[in-house]
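Accompanying notes for the structure given below.
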Amino acid sequence: MADAQGPEAPQTLEGYYILHDVYRIDWPMWWAVQGKSGYEIAESARQWLAQAAGVERGDTAAYSILGQKGDLMLVHYRATAEDLNRAEMSFRRLALFEFMQPVYSYLSIIELGLYELTSVAARRMAEQNLAPGTPEYAAAFAAEMEQQKQRVQTRLFRKIPEQKYICFYPMNKRRGEQVNWYNLTMDERRDLMRGHGRIGHKYHEQVTQIIGGSVGLDDWEWGVSLHADDPLQFKKLVYEMRFDPASALYAEFGPFYVGLRLPPEGLPQYLAGKWP
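Structure, rendered in structure tokens:
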């Protein structure tokens, strides 16, 4: 467990800001729109989605939500909080927004924990026979960490995965009286996350996982987005992870949102009550 000085907070790397924005459509009100007017509204929404998805720094995708938690989920990736807000507000200016009822949103930022990167850098220092605490170690360690950071830039600043399905949920690490993730030492947390990562790696060909850090940004500590062409893989992955100590002892989960991706050209058909 942690020593008298308290546990060490791990460093993180951050990439694009993420907004998951869920709406319920007032279908009776929408069905009442007839003819050319309805077509123009749907076409305007299609053009907006294509333009929002085509930004140079970021991405936008739309999903049809399964179940009654909502109808349409928009996912935005943007380089700054200001750009994220512009994407959000641009949708609200559409005529289609008159038929939308906001029901849920979640703000986070793509995050990579440095548990393993720190371990790799320390191993490289040991191979060079550099002693911790020396100026030579500090300089070499900083240089190695910078190289490691450059290798993960494409994971921090990426497009939204193109798989057909999304599964989004927020989560926390427990900090109760009996079990507290934040009282563990760095080594204990690293070992737990390493085991957790091994399970995730088993599914890396079927599932793309995007972790959004949200401490200080939203009500939970992380927002997790899973992307796959087969939604059954969500169940299998999450189920197996529930038995891993990092989840079984320390994880708390919020609501799950599962949706099917809507390409821009498919949005008018979706609004017409047809699956594109």
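FYI, my numbering numbers position 167 of the sequence shown as 450, with every residue one higher than the one before it.
Positions of the beta carbon are idealized from the N, C-alpha and C atoms, including for glycine.
Quantities reported herein were computed from a predicted structural model and do not represent experimental measurements.
Pick from the options that is closest to residue i, judged by C-alpha positions
i: R441; options: N455, Y398, G495; result: G495
i: A534; options: T417, A315, V507, Q489; result: V507
i: K456; options: E323, W310, W331, A529; result: A529
i: L550; options: A325, L413, R307, R407; result: A325
i: V403; options: A414, T417, M428, F380; result: M428
i: K447; options: G483, Y346, K319; result: Y346
i: D342; options: L439, G556, G350, H484; result: L439
i: R369; options: Y300, K352, Q492; result: Y300
i: K557; options: W314, F517, K319; result: W314
Cβ pair residue i, residue j closer than 9 Å
i: P385; j: V305; result: yes
i: Y387; j: P514; result: no
i: Y522; j: I443; result: no
i: D366; j: W310; result: no
i: I449; j: R544; result: yes
i: V498; j: F517; result: no
Alpha carbon of residue i to alpha carbon of residue j, nearest angstrom
i: T437; j: L395; result: 12 Å
i: L296; j: V435; result: 9 Å
i: Y389; j: R525; result: 23 Å
i: P547; j: M383; result: 18 Å
i: A409; j: F424; result: 10 Å
i: E488; j: A511; result: 9 Å
i: A405; j: T363; result: 32 Å
i: A285; j: L467; result: Only weak support is given to the placement of A285: the predicted model assigns it a pLDDT of 43, under 50, and the question is left unresolved by the model.
i: R481; j: D470; result: 17 Å
Contact test: residue i Cβ vs the ligand HEM heavy atom, cutoff 8 Å
i: Q516; result: Among the components of this structure there are no ligands whatsoever, and the ligand HEM is therefore not found.
9 Å Cβ cutoff, residue i in contact with chain D
i: Q461; result: Protein chains in the displayed structure number just one, and chain D is not present.
Residues bridged to residue i [DSSP beta-bridge criterion]
i: E504; result: DSSP output for E504 lists no bridge partner at all.
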